Amino acid sequence: MNANFSKAILLALIPLTLLTACGIGQPSSQSPAQSECTYRSGVSHLRDVENRGLPVANKQEISGSAMTDLKRQYGADIVSAVSFTNDHGTKMYIIVTKSTAGANAVRERFAKANWSVKADPSRRLVFAAERSLASGWFEKYQKAIFRG
């Protein structure tokens, strides 16, 4: 009887030991709110536009002093941006921000500047185009960017 009891205790302790060794049930040093998610860059989203066959010209990844100017004008929360035009010279931006609040702020500033703008704050993504872009074309670019 004593041998059976010892075996039962041993069998109960083995899975517990394995779980402890794997770190399951132990407090984490990093909460989900602190963990970092990776987001696609503006250039990556522009590739989706090109892959759909939409006109893209004069593409330029924004960096350096141009990024400083863009942040000053539209929001300091910008982490990645690309500008481009269509075949008629209409200027457009694809912008990725640090936070959802940043995406909302950038969207609001472009809207106040009378740009056509679409944002998905949960993805920290903003697409803005000059008003001269026809609404049908704006929707085509928007679908390529946000469904990419």
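FYI, in mature numbering (1 follows the signal peptide of the UniProt record, and there is no 0) the residues of the sequence shown are -20 to -1, 1 to 128.
Even for Gly, the Cβ is constructed at its ideal location relative to N, Cα and C.
On a predicted model such as this, the values are computed, not experimentally measured, just so you know.
Practice task
In angstroms with no decimal places, state the Cα-to-Cα distance between K123 and K98.
Solution key: About 10 Å.
Problem - Under the three-state DSSP convention, the category Y121 falls into - result: For Y121, the secondary structure class from DSSP, reduced to helix, strand or coil, is helix.
Exercise for the section: With DSSP as the reference, label Y54 as helix, strand or coil. Expected result: Looking at Y54 - three-state DSSP - the assignment turns out to be helix.
Handout entry: Whole-angstrom distance between P35 and S115, CA atom to CA atom
Key = Each residue's Cα considered, the two are about 15 Å apart.
Exercise for the section: Check the DSSP bridge columns for Y73 and list the partner residues they point to. Expected result: Under DSSP, Y73 forms a beta bridge with S63, A108.
Handout entry: N31 (DSSP reduced to helix, strand or coil)
Key = Correct three-state label for N31: helix.
Practice task
List the DSSP bridge partners of S96.
Solution key: DSSP, once it has assigned bridges, lists A109 as partnering S96.
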